[in-house]
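> Heads up: the sequence shown at position 64 corresponds to 79 in the working numbering, and the numbers run straight through without jumps.
Backbone N, C-alpha and C fix where the C-beta goes; we use that ideal spot for every residue, glycine too.
Predicted, not measured: the structure shown is a model, and the values here were computed from it.
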Amino acid sequence: MKIILTVAALAVGAAVFTPAPAMAGTIERACLKSDRKAANRSTCGCIQQVADLVLDRRDQRLAAKFFKDPHKAQEIRVSKSDRDNQFWKKYHQFGTTAEAYCS
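#1: State yes or no: is the C-beta of R76 within less than 8 Å of the C-beta of T112?
#2: Where do the ends of the alpha helix (DSSP H) carrying R98 lie?
#3: Less than 8 Å between the C-beta atoms of V6 and Y106, yes or no?
#4: Does the distance from the CB of Q101 to the CB of V69 come in under 8 Å?
#5: Find out if the Cβ-Cβ distance for the pair A54, L47 is shorter than 8 Å.
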């Protein structure tokens, strides 16, 4: 239900939250620099919008590193630290929401 509400909020506010190129966020910049085929302004901007709603700045900086070093995500996912486990829950929610909204 929480994901559906988040997606609904994104759908309503998408035009308002579309960042200008000079205001690109951490996730969007990392996405655009990546070598992924789907990395374009529209998709990366959409992912950033979701990140702005689900992740705080610290979490966004960490998640942005996954574009350059995907193995880092695996390290955090299997980590035993409480901080990493809390981050991974938020990151998983972010991924699920971004997939639903940006596909």
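Once the coordinates are examined:
#1: no
#2: D97 to C117
#3: Coverage of the chain is limited to positions 16 through 118, which leaves residue 6 absent and any answer about it impossible.
#4: no
#5: Yes. Within cutoff.
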